[in-house]
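Each remark here refers to the structure printed beneath this line.
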Amino acid sequence: TECVSGCVCPAGLFDDGRGGCVKQNDCPCIHNNEFYSSGDKIKVDCNTCTCQKGIWTCTEDVCYGSCTIYGSGHYNTFDGKFYDFDGSCEYVAAQDFCGDKNSSGSFSIITENVPCGTTGVTCSKAIKMFLGVSDDSQYISVIKYVGDDVRYWNRTVGLYLVIETSNGVMLIWDKKTSIFIKLSPEYKGKVCGLCGNFDDKANNDFTTRSGLLETNPLDFGNSWKQSPMCPDVTQEVKPCDLKPHRKSWAEKECSIIQSEIFKICHSKVDPLPFYEACVHDACSCDSGGDCECFCSAVAAYAQECIKAEACVFWRTPDIC
Numbered sequence: 001t002e003c004v005s006g007c008v009c010p011a012g013l014f015d016d017g018r019g020g021c022v023k024q025n026d027c028p029c030i031h032n033n034e035f036y037s038s039g040d041k042i043k044v045d046c047n048t049c050t051c052q053k054g055i056w057t058c059t060e061d062v063c064y065g066s067c068t069i070y071g072s073g074h075y076n077t078f079d080g081k082f083y084d085f086d087g088s089c090e091y092v093a094a095q096d097f098c099g100d101k102n103s104s105g106s107f108s109i110i111t112e113n114v115p116c117g118t119t120g121v122t123c124s125k126a127i128k129m130f131l132g133v134s135d136d137s138q139y140i141s142v143i144k145y146v147g148d149d150v151r152y153w154n155r156t157v158g159l160y161l162v163i164e165t166s167n168g169v170m171l172i173w174d175k176k177t178s179i180f181i182k183l184s185p186e187y188k189g190k191v192c193g194l195c196g197n198f199d200d201k202a203n204n205d206f207t208t209r210s211g212l213l214e215t216n217p218l219d220f221g222n223s224w225k226q227s228p229m230c231p232d233v234t235q236e237v238k239p240c241d242l243k244p245h246r247k248s249w250a251e252k253e254c255s256i257i258q259s260e261i262f263k264i265c266h267s268k269v270d271p272l273p274f275y276e277a278c279v280h281d282a283c284s285c286d287s288g289g290d291c292e293c294f295c296s297a298v299a300a301y302a303q304e305c306i307k308a309e310a311c312v313f314w315r316t317p318d319i320c
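Under the UniProt record's numbering, the residue at position 198 of the sequence shown is numbered 198, and the numbers go up by one with no gaps.
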């Protein structure tokens with residue numbers, strides 16, 4: 001807190017950190033380098049925090065988890081771990097069939113990653129979702145389920161197809177390369193796959209299919225492939241090194257993420273990993289569709305901003 005008693009203010013009043021003197025009850029609070037007056041409320045994830053006498057008091061609701069897979073192999077896990085993985089195969093994105101082979105579960109989401117461009121990066125092009133069982137199924141538009149224990153609804157919202165199930169799983173897909181998976185709090189610590197384990201600890205997200213904790217994202221990602229016939233990924237692809245002539249264009253286009261347009265969000269969501277992912281994607285999409293790759297990368301940052309209650313109107317007739 002910035003509110004301190006001292007010789008700068010008359011007795012009984014406090015320096016509010018902004019050059020004024022206030023009563024203790026009116027002390028402001030700080031969040032992401034911004035001042036809030038006493039009584040102001042902010043949203044932090046699904047909780048509401050209220051400024052009282054210079055201290056935040058927050059509700060303690062358990063929030064939905066959210067995992068994002070977008071562009072050429074970018075992952076942001078339920079616990080907020082950011083990493084890249086470019087495998088060409090089908091992989092488990094998230095499921096609650098964890099542990100031994102006979103473990104029971106209620107859902108499994110598989111992402112089919114295919115090469116996009118000539119640099120070796122891969123994009124998620126198709127989704128399979130299983131409800132109630134974990135055997136083979138149709139693509140996202142047709143979901144196979146057994147019995148009446150799990151029901152689902154699908155609807156289109158703007159650019160996105162949204163699928164919601166009765167067992168607390170929501171899948172949002174732009175029908176191109178961006179997938180958002182949301183899980184209800186009851187799945188905390190009970191899921192596994194490329195999206196991590198949703199236990200509020202990012203440092204153990206790289207848990208392999210066999211239950212080992214890896215430090216290398218490639219070894220972790222390889223363990224979640226569905227077919228042993230797919231080759232393992234052995235090295236990280238750096239498309240801007242392979243296509244240096246695209247790098248300056250990519251940096252120029254992606255600078256929108258670090259520009260004034262997104263300024264309201266910068267203090268709430270670190271733009272750097274999203275900017276780097278955007279440059280990576282803009283370099284890699286060299287077989288047409290480079291604007292789509294760029295737009296998906298910016299949209300992923302905009303989505304995180306919306307979650308942090310910083311709504312940015314960035315799309316224009318010229319941009320995406």
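Backbone N, C-alpha and C fix where the C-beta goes; we use that ideal spot for every residue, glycine too.
Just so it is clear, the structure is predicted and the values come from calculations on it, not from any experiment.
Output the distance between the C-alpha atoms of Trp173 and Ser66, rounded to the nearest integer angstrom. 13 Å
Below 6 Å CB to CB, which residues in the same chain sit around Cys49 once its five sequence neighbours on both sides are set aside? Ile42, Trp56 and Cys58
Could you check if Asp205 is buried or exposed, using at least 16 other CB atoms within 10 Å of its CB as the buried criterion? With 16 or more Cβ atoms within 10 Å of its Cβ, Asp205 is classed as buried.
How about Lys268 and Ala310: do their beta carbons lie closer than 7 Å? yes
Inter-residue spacing [alpha-carbon to alpha-carbon] between Val62 and Asp200: 11 Å
Along the chain, where does the beta strand (DSSP E) containing Ile127 start, and where does it finish? Here the beta strand (DSSP E) through Ile127 covers Thr122 to Leu131.
From Asp232 to Gln226, what distance separates their C-alpha atoms? 12 Å
DSSP on Cys278, reduced to helix/strand/coil? helix
On a Cα-Cα basis, can you pick out the residue from Ile306, Gln24 and Trp314 that is closest to Gln52? Gln24
Segment contact flag, the stretch 77-90 with the stretch 208-215, C-beta cutoff 8 Å, min 3 pairs: no
What do you get for Val157, buried or exposed, if any count of 16 or more other CB atoms within 10 angstroms of its CB means buried? exposed
What residues in its chain sit with their C-beta under 8 Å from that of Glu292, if we drop five residues either side in the sequence? Lys176, Thr177 and Cys285
Going by the CB atoms, is the gap between Phe294 and Ala282 shorter than 7 Å? yes
Does the Cβ of Thr111 have 16 or more other Cβ atoms within 10 Å, making it buried, or fewer, making it exposed? Under this definition Thr111 is a buried residue.
Drop a sphere of 10 angstroms on the beta-carbon of Lys252, count the other beta-carbons inside from all chains shown, and report buried for 16 or more, exposed for fewer. exposed
Check whether the Cβ atoms of Phe220 and Thr208 lie closer than 7 Å to each other. yes
Buried or exposed for Arg246, going by 16 or more other Cβ atoms inside 10 Å? buried
Could you pull the start and end residues of the alpha helix (DSSP H) that Pro244 belongs to? Pro244 to Cys254
Residue interval of the beta strand (DSSP E) (run including Gly65): Gly65 to Tyr70
Coil, strand or helix - Ser134 by DSSP: The predicted model places Ser134 with a pLDDT of 47, which falls under 50 and marks its position as unreliable, so this point remains unresolved.
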